[in-house]
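I have placed the structure first, in the form of structure tokens, so that the comments after it can refer back to it.
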Amino acid sequence: MNLYTMLAARAAAGRPVRVGLIGAGKFGSMILSQARHIKGMHIVGVADLDVTKARASFARVGWGEDSYSAKTLGDAIKTGKTCVLDNAAALAECDEIECIVEATGHPIAGVRHALAAIDGNKHVIMVNVEADAMCGPLLAAKAKAKNLVYSMAYGDQPAIICELVDWGRSCGFEITSAGKGMNFEPRYRYSTPDTVWGFFGWTEEEVRAGDFNPKMYNSFTDGTKAAIEMAAVANGTGLDCPDDGLAFPPTGLHDLAKVFRPAADGGRLARSGLVDIAASQEPDGREVFNNIRYGVFVTFKAPNEYAKACFKQYGLLVDPSGWYGSMWRPFHMIGLETSISILSAVLRGESTGCSKEFRGDAVATAKRDLKPGDYLDGEGGFAVWANAIPASRSLQIGGLPIGLAHNVKVKRAVAKDTIVTFADVVLERDLDVVALRQQMERDALGTMKSAA
Numbered sequence: 003m004n005l006y007t008m009l010a011a012r013a014a015a016g017r018p019v020r021v022g023l024i025g026a027g028k029f030g031s032m033i034l035s036q037a038r039h040i041k042g043m044h045i046v047g048v049a050d051l052d053v054t055k056a057r058a059s060f061a062r063v064g065w066g067e068d069s070y071s072a073k074t075l076g077d078a079i080k081t082g083k084t085c086v087l088d089n090a091a092a093l094a095e096c097d098e099i100e101c102i103v104e105a106t107g108h109p110i111a112g113v114r115h116a117l118a119a120i121d122g123n124k125h126v127i128m129v130n131v132e133a134d135a136m137c138g139p140l141l142a143a144k145a146k147a148k149n150l151v152y153s154m155a156y157g158d159q160p161a162i163i164c165e166l167v168d169w170g171r172s173c174g175f176e177i178t179s180a181g182k183g184m185n186f187e188p189r190y191r192y193s194t195p196d197t198v199w200g201f202f203g204w205t206e207e208e209v210r211a212g213d214f215n216p217k218m219y220n221s222f223t224d225g226t227k228a229a230i231e232m233a234a235v236a237n238g239t240g241l242d243c244p245d246d247g248l249a250f251p252p253t254g255l256h257d258l259a260k261v262f263r264p265a266a267d268g269g270r271l272a273r274s275g276l277v278d279i280a281a282s283q284e285p286d287g288r289e290v291f292n293n294i295r296y297g298v299f300v301t302f303k304a305p306n307e308y309a310k311a312c313f314k315q316y317g318l319l320v321d322p323s324g325w326y327g328s329m330w331r332p333f334h335m336i337g338l339e340t341s342i343s344i345l346s347a348v349l350r351g352e353s354t355g356c357s358k359e360f361r362g363d364a365v366a367t368a369k370r371d372l373k374p375g376d377y378l379d380g381e382g383g384f385a386v387w388a389n390a391i392p393a394s395r396s397l398q399i400g401g402l403p404i405g406l407a408h409n410v411k412v413k414r415a416v417a418k419d420t421i422v423t424f425a426d427v428v429l430e431r432d433l434d435v436v437a438l439r440q441q442m443e444r445d446a447l448g449t450m451k452s453a454a
């Protein structure tokens with residue numbers, strides 16, 4: 003609990019924490035909103051392919067125009083202002099920048115940006131969970147080899163879930179399950195960019211007025227984003243994805259410990275130690291009472307009778323047996339909290355959640371029967387949704403990660419609800435990232451063989 007004190011010391015010494023931000027969309031805008039109120043943290047540069055849109059983000063969150071008027075990164079360093087540019091590589095090459103925040107949401111670009119930042123001796127805050135779920139363990143290993151921090155972004159759900167898991171284990175509890183709340187019904191699985199707004203109850207006029215991205219919102223609706231995030235949590239905590247993917251059991255706050263415990267003890271989990279989602283909707287559409295739609299949770303087991311008795315004495319929400327308890331955080335504020343990751347990396351040399359091993363994978367799964375000649379259109383599209391499964395199973399079947407399922411041609415038929423494999427598609431683009439992913443898979447297979 004000393005980040006603010008450490009930052010104040012840097013500010014007093016005239017040595018601000020210097021940051022480069024890639025991506026000025028919603029998440030990046032939230033980071034910018036807070037950065038101007040954090041003395042001692044300097045956003046040196048913001049890179050976005052659409053510089054005009056990036057400048058509009060600054061204006062929207064209250065920055066004065068002069069404060070982001072630096073013509074070059076060097077000028078920004080000298081004046082304390084911010085430079086807006088379209089060249090992300092320049093941030094990685096700037097010696098004075100200590101930390102890069104990757105907030106594009108594009109998995110291919112995210113991997114490349116992270117590699118460039120690490121090559122430039124920068125800590126990496128990976129807002130881009132899509133990239134992290136696909137190649138995070140290898141990126142983290144590359145950063146560690148150079149004594150750099152590769153971190154999930156605090157404020158986003160995966161990092162906060164990792165924090166709760168770490169809390170529980172540090173207290174001596176067995177972590178039974180971890181996950182987040184989410185608005186989900188089984189029928190949402192087959193949502194497309196053409197149908198997604200109906201699930202939100204928005205009119206066409208409201209959508210046009212809000213400048214919403216249908217694919218992004220559809221990735222939340224069809225469960226793809228949940229699969230990506232839970233795969234990242236598995237890789238960061240050592241918990242596992244369920245063998246057949248996330249079950250999304252509808253669960254309210256008071257039933258977390260009851261539902262997210264092993265089936266052998268009356269719960270819904272195949273075994274202890276799994277990630278999953280607490281759906282806030284019943285399958286028939288009714289809203290779950292006291293749901294945690296915007297929150298995250300862990301469930302855990304008392305190690306002995308004494309701890310079990312303490313659960314009761316201190317009002318913990320427990321299952322009927324009293325052995326299993328739950329802890330949760332009701333909200334997350336994504337980019338408004340990400341400075342915690344930046345400061346933790348630079349001042350403490352610590353991550354706020356990090357992919358340590360390839361344990362979970364978010365694999366592309368057919369939304370409809372796919373035939374040769376069809377094209378996959380990636381996260382939130384018409385062709386596939388993502389399923390979170392154990393990495394061991396993905397490696398066995400050659401599962402195609404959702405991050406590589408963009409603009410990819412199908413070469414053999416894939417039945418609806420079947421996992422798409424590398425053998426089912428033709429990969430002709432982004433071969434550098436494909437090679438990196440395949441290297442990570444080979445490394446994981448080697449580790450598994452050594453363990454056996």
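Residue numbers 3 to 454, in my numbering, belong to the letters of the sequence shown in order. Cβ atoms here follow ideal geometry from the backbone N, Cα and C, with glycine treated the same way. Just so we're clear, the structure is a prediction, and the values are computed from it rather than from any experiment.
Sixteen is the threshold: when 16 or more other Cβ atoms of the shown chains lie within 10 Å of the Cβ of residue 403, as they do, the residue is buried.
Contact between residue 19 and residue 9 is confirmed by a C-beta separation of about 7 Å, below the 8 Å threshold. In this structure the stretch 200-220 does not lie against the stretch 311-323, because fewer than three pairs of beta carbons, one per stretch, are closer than 8 Å. Three or more beta-carbon pairs separated by less than 8 Å are not found between the stretch 225-235 and the stretch 260-274, which leaves the two stretches without contact.
In the structure shown, residue 137 falls within a helical segment according to DSSP collapsed to helix, strand and coil. Beyond the five residues adjoining it in sequence on each side, residue 128 comes within less than 8 Å, by CB distance, of 104, 112, 116, 134, 138, 141, 152, 153, 154, 155 in the same chain, given in chain order. Relative to the Cα of residue 193, the nearest Cα in the group 451, 388, 243, 132 belongs to 388. With 16 or more other Cβ atoms from the protein chains shown falling within 10 Å of its own Cβ, residue 329 counts as buried. Residue 275 and residue 371 have their alpha carbons spaced roughly 33 Å apart. For residue 325, there is no enclosing alpha helix (DSSP H), as DSSP marks it with neither H nor E. In the structure shown, residue 161 falls within a helical segment according to DSSP collapsed to helix, strand and coil. Residue pairing for residue 387: DSSP places it in a beta bridge opposite 367. Around residue 352, the same chain offers 346 as residues with beta carbons nearer than 6 Å, after the five sequence neighbours per side are excluded.
By the C-beta density criterion, residue 173 is exposed, having fewer than 16 other C-beta atoms within 10 angstroms. Judged by beta-carbon spacing, residue 236 lies beyond the 8 Å limit of residue 331, meaning their Cβ atoms are not closer than that value.
Sequence-distant Cβ neighbours of residue 381 in its own chain, meaning closer than 6 Å and more than five residues away, are 221, 226, 404. About 45 Å separates the Cβ atoms of residue 310 and residue 369, ruling out a contact at the 8 Å cut-off.
Taking a 10 Å sphere around the C-beta of residue 206, we find fewer than 16 other C-beta atoms and assign the residue as exposed. Apart from the 5 residues on each side of it in sequence, residue 423 sits with its Cβ closer than 7 Å to the Cβ of 399, 400, 401, 402 in its chain, given in chain order.
Nearest C-alpha to residue 52 among 42, 6, 26, 77: 26. In the structure shown, residue 418 adopts coil according to DSSP, grouped into three states.
For residue 325, same chain residues with a beta-carbon under 7 Å away, outside a window of 5 residues either side, are 303, 304, 310 in chain order. The beta carbons of residue 265 and residue 271 sit closer together than 8 Å. By the Cβ rule, the stretch 291-300 counts as touching the stretch 174-189, because three or more pairs are nearer than 8 Å. Per the DSSP secondary-structure output, residue 394 pairs with nothing in a beta bridge. Between the alpha carbons of residue 337 and residue 159 lies a gap of roughly 11 Å. According to the DSSP assignment, residue 112 belongs to the alpha helix (DSSP H) that extends over 109-121.
In the DSSP annotation of this structure, the continuous segment of the alpha helix (DSSP H) that includes residue 79 starts and ends at 75-81. For residue 281, the enclosing beta strand (DSSP E) covers residues 276-281.
Excluding five sequence positions before and after residue 216, the CB atoms of its chain that fall closer than 6 Å to its own CB belong to 195, 198, given in chain order.
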